[in-house]
Amino acid sequence: MRDEWFVRGKVPMTKSEVRAVSISKLELKPDSILYDVGAGTGSVAIEASKFLTSGLVYAIEKKPEAVELIEKNKEKFFAHRVEIVEGMAPEAIKDLKTPTHVFIGGTSGNLEEVLDLVLSKNDKTRIVVNVIALETLAQLVNWLKIKELEADFIQIQVSRGKAAGGYHLMMGQNPVSVISFGGEEEY
419 MRDEWFVRGK VPMTKSEVRA VSISKLELKP DSILYDVGAG TGSVAIEASK
469 FLTSGLVYAI EKKPEAVELI EKNKEKFFAH RVEIVEGMAP EAIKDLKTPT
519 HVFIGGTSGN LEEVLDLVLS KNDKTRIVVN VIALETLAQL VNWLKIKELE
569 ADFIQIQVSR GKAAGGYHLM MGQNPVSVIS FGGEEEY
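Using our numbering, read the sequence shown as starting at 419 and increasing by one per residue.
Put into structure tokens, the structure is as follows:
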């Protein structure tokens with residue numbers, strides 16, 4: 419889905435190229451229960467929900483402005499399989515249905531606590547984490563080592579063309595690390 423299709427404000431959004439890779443790495447099934455932690459505009463939750471025929475996406479978000487944007491985007495895209503949960507993880511996810519899949523776009527410093535809670539609910543959860551800050555990446559790598567979990571690490575660097583007079587320049591976007599692990603061994 420194109421970025422410009424989404425209603426946006428000043429809330430961060432996972433861009434289309436990164437969203438496509440992240441959703442692919444989630445390995446969703448038609449009946450998946452997905453948590454989108456730090457849902458922002460809801461772009462991941464809404465696009466992922468299109469793959470679900472009987473599943474559910476919980477869009478977890480703490481910022482009121484972002485919650486409003488998710489609601490607007492949910493209505494715009496008729497995303498009936500998206501349920502908005504206002505609050506901060508891990509508290510906001512404690513009483514939700516057991517996840518089969520989790521996408522983490524932001525945890526406000528609670529990454530380890532969120533991951534621990536998710537795996538306590540279902541140790542076979544497929545997890546995808548998008549990371550921009552090196553400190554968060556180091557924290558995740560350390561957590562994975564402690565838990566003795568193997569993960570797939572990729573980094574996406576997208577450049578977008580921008581007209582500059584009679585020429586077009588490629589403007590680099592922030593690189594994003596996409597870390598995926600867990601889940602069922604076979605589809």
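Glycine residues also receive a C-beta, built at the ideal position from the N, C-alpha and C atoms. Remember, it's a predicted structure, so these values are computed and weren't measured experimentally.
How long is the line joining the alpha carbons of G600 and A484, rounded to whole angstroms?
29 Å
8 Å Cβ shell around M431 - same chain, five flanking residues per side excluded
D421, F424, G458, T459 and S461
Report all residues from its chain with a CB closer than 8 Å to the CB of V455; omit the five preceding and five following residues, and keep chain order.
I478, A507, I511, V520, F521, I522, G523, G524, T525 and V532
So within the segment 465–537, which uninterrupted alpha helix (DSSP H) runs reach at least 4 residues, ignoring any that extend past its ends?
482–494
When you compare the CB positions of V475 and L452, do they come within less than 8 Å of one another, or not?
yes
Can you tell me which of D541, D570 and K542 puts its alpha carbon nearest to the alpha carbon of L555?
D570
Of the choices V547, N592, K565 and R426, whose alpha-carbon is the least far from that of S442?
V547
Exposure label - A582; buried when at least 16 CB within 10 Å:
exposed
Work out the CA separation of Q573 and G590 for me, nearest whole Å.
14 Å
Along the alpha helix (DSSP H) that carries N560, what are the first and last residues, could you check?
L552 to K565
Just to confirm the assignment, what range does the alpha helix (DSSP H) spanning K443 have?
S434 to L444
Once DSSP output is grouped into helix, strand and coil, what is the label at S595?
strand
V596 and E435 closer than 8 Å at C-beta:
no
Taking the C-alpha atoms as reference points, what is the distance between E553 and N592?
15 Å
Put A457 into one of helix, strand or coil per three-state DSSP.
coil
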